[in-house]
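This report refers to the structure that appears directly beneath it.
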Amino acid sequence: MKLLNLAPVAAGMLLLAFTSFAQITPIEGNVKGVDGKPVQGAVIKIVRTDIKGEYPAKTDKKGHYINIGVPLGGTYNVQLFIDGKQVDMVNGVRTGGDMKPIDFDLKASQKDTSNKQAEMQKAVETGQMSKELERSLSPEQKAAMEKQIKDSSEKMKKRNELNDSFNAGMTAKEAKKWDEAVEDFTKAGALDPTQQAVWANLGESYVRLAETKTGPEFDATIQKSLDAYSKAIELKPDDPASHNNYALALGKAKKFPEMQAELKKASDLDPPNGGKYYYNLGAMLVNAGQGDAAGEAFKKAIELTPTYADAYYQYGVTLVGKAAMGADGKVTPVPGTIEAFQKYIELAPTGQYAQSAKDMLATLGTTVDTSFQNPNAKKSTTKTKKQ
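Heads up: the sequence shown begins at 3 in the numbering used here, then just goes up one per residue.
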């Protein structure tokens, strides 16, 4: 009786064993590198995504890998690692009774990735995803792609509005419509506060607009110019042109110490044009009635740019004001006056101040050593022009 009962028990154990074997399946495949050759030693991670689990494998010298103990009925991501870096992955693998090899061909994958990236870039540019691209993306990738397309579209719209406002401002500026220029550049600044060129042009437009104002209106407008130039310099502190233009606006606001400091910064940043910046300082000081300080600025311009003809002339003019007149009516210039006018004529014999320089020398009792006469030469004006 006991022997007869053993047979059903043994059969039950055998059935249990077959059932256990039937609950796992192998996942295998081959790995080829970008050169088309088998990759040895690549690590394969078979990661279950519906419940936690990981089943590793490694490629042999033929590039083949296998894990025979992967549970049936799960969903897996099969990840490929080479030299510790993940280089490829197959997502959403479902285990079943008829498992096909999961191969990795990095040469083909590289081409597919390149094509996919091109499709994604095209989708961002056009704002539309192709059906083929949608099918190739996971739900997470698709959501990220849709967000990128939306963000790109908004940025493009904002960029177009910025370009339109800036271009309108430049057109108004060229037409000397300063109110319109200010309005357009202000709008451009609100669209993108990081654009240095917008603030620099807004500063210049406010300066020109201030020139049409008087009293408190002038003061308020020139202050807006200073604010705009300050923003331009904040964004690009190493731009000598911005420091120069800011200095000229400061001069119009009669903030001469600050103006001088800004022109020095411009000169330090751009030594080859240092003479120009100090000449501009001298011109502003002349027009502000500060002759001595203007003379020092013109002298500095000459030191920095020894061939700067106009600086010699203006320096000479500031020295003329220091000349002494004797009881006999004879004018005695201070040292350097005659030399300044002579140097101007040497450097610019047909320049805008040539005839005036000759007249000054004649008044000072000095003969001009030149046979040149320019019948079209104009007399200098009382105001000194900035350059």
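By construction, the Cβ of each residue, glycine as well, lies at the ideal position given by its N, Cα and C atoms.
Residue i (DSSP reduced to helix, strand or coil)
| i | result |
| --- | --- |
| Pro1 | Nothing in the structure corresponds to residue 1, since the chain is present only between 3 and 389. |
| Gly71 | strand |
| Val45 | strand |
| Pro337 | coil |
| Leu250 | helix |
| Met91 | strand |
| Ala329 | coil |
| Ile104 | coil |
| Lys256 | coil |
| Thr214 | coil |
| Pro242 | helix |
| Pro351 | coil |
| Phe374 | With a pLDDT of only 40 at Phe374, under the threshold of 50, the placement of this residue in the model should not be trusted, and no figure is reported. |
Spatial neighbours of residue i in its chain, beta-carbon cut-off 7 Å, leaving aside the 5 residues before and after
| i | result |
| --- | --- |
| Ala174 | Glu182, Ala183 and Asp186 |
| Ala326 | Thr334 |
| Val297 | Residue 297 is actually Gly in this sequence, not Val. Counting only Cβ-Cβ distances below 7 Å, and skipping sequence neighbours, we find Tyr317, Thr320 and Leu321. |
| Ile104 | Ile29, Gly31, Val80, Val92 and Val95 |
| Leu211 | Trp180, Asp181, Val184 and Thr223 |
| Ala299 | Tyr280, Leu283, Gly284 and Leu287 |
| Gly328 | Thr334 |
| Lys301 | Tyr317 |
Beta-carbon separation (whole angstroms), residue i vs residue j, contact threshold 8 Å
| i | j | result |
| --- | --- | --- |
| Ala251 | Ser227 | 5 Å |
| Pro335 | Leu321 | 7 Å |
| Ile347 | Lys360 | 7 Å |
| Lys87 | Val36 | Lys87 to Val36, Cβ: 14 Å. No contact. |
| Ala255 | Ile224 | 5 Å |
| Leu74 | Ile26 | 6 Å |
| Leu193 | Glu163 | 6 Å |
| Lys345 | Tyr314 | 4 Å |
| Gly353 | Ala311 | 6 Å |
| Lys189 | Ser207 | That pair is no contact at about 12 Å. |
| Phe106 | Asp85 | Between Asp85 and Phe106 the Cβ distance is about 15 Å, and since that is not below 8 Å, they are no contact. |
| Glu121 | Ser132 | 6 Å |
Close beta carbons around residue i, own chain, < 8 Å, minus the five adjacent residues each side
| i | result |
| --- | --- |
| Tyr231 | Trp201, Ala202, Gly205, Ser244, Asn247, Tyr248 and Ala251 |
| Ile53 | Gly76 |
| Lys60 | Gly43, Ala44, Val45, Ile46 and Tyr67 |
| Ala170 | Glu182 and Asp186 |
| Asp240 | Leu271 |
| Gly55 | Val49, Pro73 and Gly76 |
| Thr309 | Leu349 |
| Lys63 | Pro40 and Gln42 |
| Gly323 | Gly293 |
| Lys34 | Pro40, Val41, Gly65, Asp105, Phe106, Asp107, Leu108 and Lys109 |
Beta strand (DSSP E) segment containing residue i, residue limits
| i | result |
| --- | --- |
| Gly55 | Gly55 to Lys60 |
| Pro218 | Premise fails: Pro218 lies in the alpha helix (DSSP H), Gly217 to Leu237, not in any beta strand (DSSP E). |
| Gly426 | The first residue shown for the chain is 3 and the last is 389, placing residue 426 beyond what the model contains. |
| Thr77 | Thr77 to Ile84 |
The alpha helix (DSSP H) enclosing residue i, as first and last residue numbers
| i | result |
| --- | --- |
| Thr320 | Ala311 to Val322 |
| Tyr280 | Gly276 to Asn289 |
| Met147 | Pro141 to Glu176 |
| Lys360 | Ala356 to Thr365 |
| Asp294 | Gly293 to Leu306 |
Cβ-based neighbour list, residue i, same chain, cut-off 6 Å, excluding 5 preceding and 5 following
| i | result |
| --- | --- |
| Tyr57 | Ile48, Asn69 and Val72 |
| Asp272 | Pro242 |
| Leu306 | Gly276 and Gly277 |
| Leu265 | Ala249, Tyr279 and Leu283 |
| Gly38 | Lys109 |
| Ser269 | Gly276 and Tyr279 |
| Met362 | Phe343 |
| Gln198 | Ala234, Leu237 and Lys238 |
| Gly253 | Met261 and Met286 |
| Thr21 | Confidence is the limiting factor: at Thr21 the pLDDT is only 43, short of 50, which leaves the residue's position unreliable, though a coordinate-based value still follows. Counting only Cβ-Cβ distances below 6 Å, and skipping sequence neighbours, we find nothing. |
Any non-hydrogen atom of the ligand MG within 8 Å of residue i CB
| i | result |
| --- | --- |
| Lys256 | By its list of ligands, the structure shown contains no ligand whatsoever, and the ligand MG lies outside what it can speak to. |
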